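With our numbering, letter number 86 in the sequence shown gets 74, and the count goes up by one each step, no holes.
Just so it is clear, CB atoms sit at the ideal spot from N, CA and C, and this is done for glycine as well.
Fair warning: this is a prediction, and the values are worked out from it, not measured in the lab.
Notes to accompany the following structure.
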Amino acid sequence: MDSSVPRSAGRLQEDYTQNEAFHAQQINQPVPATATATAASASMAAPDPFTDGAESVQSNRDAAAGGNVSGNSTPESVPNIAVSDPFASNANSRPLSSAGLSVNEDQEQAHRYFHSRRVVKGNIEKPWMGKKDPKERWVTILPLIGILIGLLISGVLVWDGLRSVVKHKYCLVMSDDFSGGFRSDYWTKEVQLGGFGNGEFEETTGTDENVFVQDGKLMIKATLQDASLLDKDSIVDLLADGTCTSTAFTDCVAATNTSAGNSSVVPPTRSGRINTKKFASIKYGRVEVTARMPKGDWLWPAIWMLPVNETYGAWPASGEIDLVESRGNNHSYWLGGNNVMSSTLHWGPSPGQDAWWRTNSKKSALHSTYADKEYTFGLEWSEKYMFTYINSRLMQAIYINFDEPMWKRGNFASASSEANYTNVNDVWGQTGRTNTPFDQPFYLILNVAVGGTNGWFTDNKNGKPWLDASKNAKKDFWNARSQWFDTWTQPQMEVSKVDMWQQCDGGEL
């Protein structure tokens, strides 16, 4: 028979049954009887329309010679009964062109009707079970060695970092949570009206209107001055009633003169300022103040420290430590309002040579403001370093390492002809310490200032209603109160806790 002619349906059925028998043998099962019977029937199938006529006639003659056989007959005795392939269509049912196949291609497809891909279990190759090259183990060993070395180096670095962390011993000096009201044995209310060297616009009072405890919290609140004291000639004399806490006349007496061309007015606002100078001070240690900043244009809250004694001269020669300063304005203020805090050290031989800008840093509140909720503002200070922080010692605002003399750090001139730089000698060198002037006891101050002419609020920015250089600065501020007073929705700094610790491990001496 011509090999190019496609197989008949009977041949396809025979291939199928042979495959069934093969798979049964592979899985150690007996060959299905149906497969054997089907194979026998398929061998006596109807004439293949694709075979030549002689072969078909011979098949019919062989079948006739065998006669009819019943029971378990052999394939040769089976009558010539036409059988259709249930698994394939008759090859004559459609032209080859409709399948896109040539005669040879159709034959190949019929031959590959089913092909088993099972692998005999005993013939499965297992290359990983074979003999291995000893060098291959280094593919695993070398990376493991690298990982181990990396872990060792990391451990050494962590150990060295922990070893270098200074752990001082601290002794509690003062702790006030205001649960017992305002404690005059802890705090002194400063009563002055001279502007505290900044040209501030408030009179700090000793009354409960401006400094008081409410709901377990200390309130330092800014309020308006009595309008009658600014609208007509008047005098505020703190010496007369003996309440002034300053020895300077200008800090204790102020007057309003309404005559034409006169700019003199009493402070247009009132506020509070308290300190621990008489009760608590530290030389090295820690301070923590938990507080909420005020809201209101031109308010100036501060938590800061000054030296008990001006050991090295007048400000700033003896230093100043600002844990936090802020502004009551909202976030639209160009330098940041109550959403920004500033930490600063002030130091220098004279006011004109204050090197604060070398030791200053700002921190913004995260998705909030310092007036929306309480924050803990802290200071840690030793002979070797000083830093301020917010809520955690890890959230540092400013860090100063006293690794070189402050005079050298400031790069102050050894001589100057300018009037403001009269003190040009190194007033700190005689101590032999690199942290001078921050090597003496400091006390704590809490206050809310209003306005000022020292530049904390910049001229011609955000509608500032006064000019720092103007003689009418306080009067101009008062006359513009309709612009800013409505913004004083929370004009107080609220303080819930104050703690002060002295370093007491011997390093403070």
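Buried/exposed call for residue i, threshold 16 Cβ in 10 Å
i: Ala228; result: exposed
i: Ala42; result: Reliability of the predicted coordinates at Ala42 is poor, the pLDDT of 43 falling under 50, and the value obtained from them is presented with this limitation in mind. Exposed, by the Cβ-count rule.
i: Tyr321; result: buried
i: Arg171; result: exposed
i: Lys155; result: exposed
i: Asn423; result: buried
i: Met293; result: buried
i: Trp369; result: buried
i: Leu510; result: Since the displayed the chain opens at -11 and closes at 497, residue 510 lies outside it and no answer follows.
i: Met117; result: exposed
i: Trp175; result: buried
i: Val146; result: exposed
i: Arg105; result: exposed
i: Leu432; result: buried
i: Leu132; result: exposed
i: Gln490; result: buried
i: Gln471; result: exposed
i: Pro479; result: buried
i: Leu84; result: Low confidence applies to Leu84: its pLDDT is 48, below 50, so where it sits in the model is not reliable, and the reading given next is rough at best. So Leu84 ends up on the exposed side.
i: Arg315; result: buried
i: Leu445; result: Rather than Leu, the amino acid found at residue 445 in this sequence is Phe. With 16 or more other Cβ atoms within 10 Å, it is buried.
i: Val277; result: buried
i: Lys120; result: exposed
i: Gly55; result: Its pLDDT being 46, under 50, Gly55 is placed unreliably by the model, and the measurement read from it follows with that caveat. Exposed, by the Cβ-count rule.
i: Lys114; result: exposed
i: Ile498; result: The requested residue 498 is not part of the displayed model; the chain covers only -11 to 497.
i: Leu136; result: exposed
i: Arg261; result: buried
i: Gly325; result: buried
i: Leu217; result: buried
i: Asp173; result: exposed
i: Ser352; result: exposed
i: Ile112; result: exposed
Beta-carbon gap between residue i and residue j smaller than 9 Å
i: Glu190; j: Ala215; result: no
i: Phe390; j: Lys372; result: yes
i: Ala500; j: Ser349; result: Given that the chain is displayed from residue -11 to residue 497, the structure contains no residue 500 and the question cannot be resolved.
i: Val312; j: Phe365; result: yes
i: Trp303; j: Gly185; result: yes
i: Met374; j: Met329; result: no
i: Trp466; j: Tyr300; result: no
i: Asp456; j: Thr475; result: no
i: Thr246; j: Asp219; result: yes
i: Thr233; j: Lys271; result: no
i: Pro255; j: Ala268; result: no
i: Asn448; j: Ser251; result: no
i: Met488; j: Val161; result: yes
i: Gly307; j: Phe426; result: yes
i: Leu382; j: Thr376; result: no
i: Val253; j: Lys462; result: yes
i: Thr347; j: Ile378; result: no
i: Lys266; j: Asp493; result: no
i: Leu139; j: Asn263; result: no
Interface flag, residue i vs chain D, CB-CB below 9 Å
i: Met117; result: No chain D appears in the structure shown, which is made up of a single protein chain.
Opposing strand residues paired with residue i [DSSP bridges]
i: Arg105; result: None; Arg105 has no bridge partner.
i: Leu273; result: Residue identity differs from the one stated: residue 273 is Gly in this sequence, not Leu. Its beta-bridge partners are Trp369, Gln490.
i: Arg261; result: Asn435
i: Lys205; result: Gln202
i: Asn389; result: Tyr373
i: Ser349; result: Ser331
i: Val241; result: Asp225
i: Ile309; result: Met293, Leu333
i: Leu160; result: Trp489
i: Ser363; result: Residue 363 is actually Tyr in this sequence, not Ser. Looking at the DSSP assignment, Tyr363 forms a beta bridge with Ala279.
Assumed close pair residue i, residue j - CB separation to whole angstroms, cut-off 8 Å
i: Asp296; j: Pro429; result: This sequence places Val at residue 296; Asp is not what is there. Confirmed, Cβ separation roughly 5 Å.
i: Asn327; j: Tyr358; result: 7 Å
i: Ala290; j: Asp310; result: 7 Å
i: Gly182; j: Asp239; result: 3 Å
i: Thr231; j: Gly194; result: 6 Å
i: Arg258; j: Gln213; result: 6 Å
i: Ser222; j: Thr244; result: 5 Å
i: Gly439; j: Glu197; result: Rounded, the Cβ-Cβ distance is 19 Å, inconsistent with contact.
i: Thr419; j: Lys283; result: With 8 Å as the limit, Thr419 and Lys283 do not qualify as a contact, their Cβ atoms being about 43 Å apart.
Using a Cβ distance threshold of 8 Å, determine whether the stretch 452 to 469 contacts the stretch 115 to 125, with at least three qualifying pairs required.
no
Below 8 Å, how does it come out for the stretch 395 to 402 and the stretch 328 to 337: are there three or more Cβ pairs, yes or no?
Result yes; three or more Cβ-Cβ pairs closer than 8 Å.
Do the stretch 476 to 487 and the stretch 192 to 209 make contact, defined as three or more Cβ pairs closer than 8 Å?
yes
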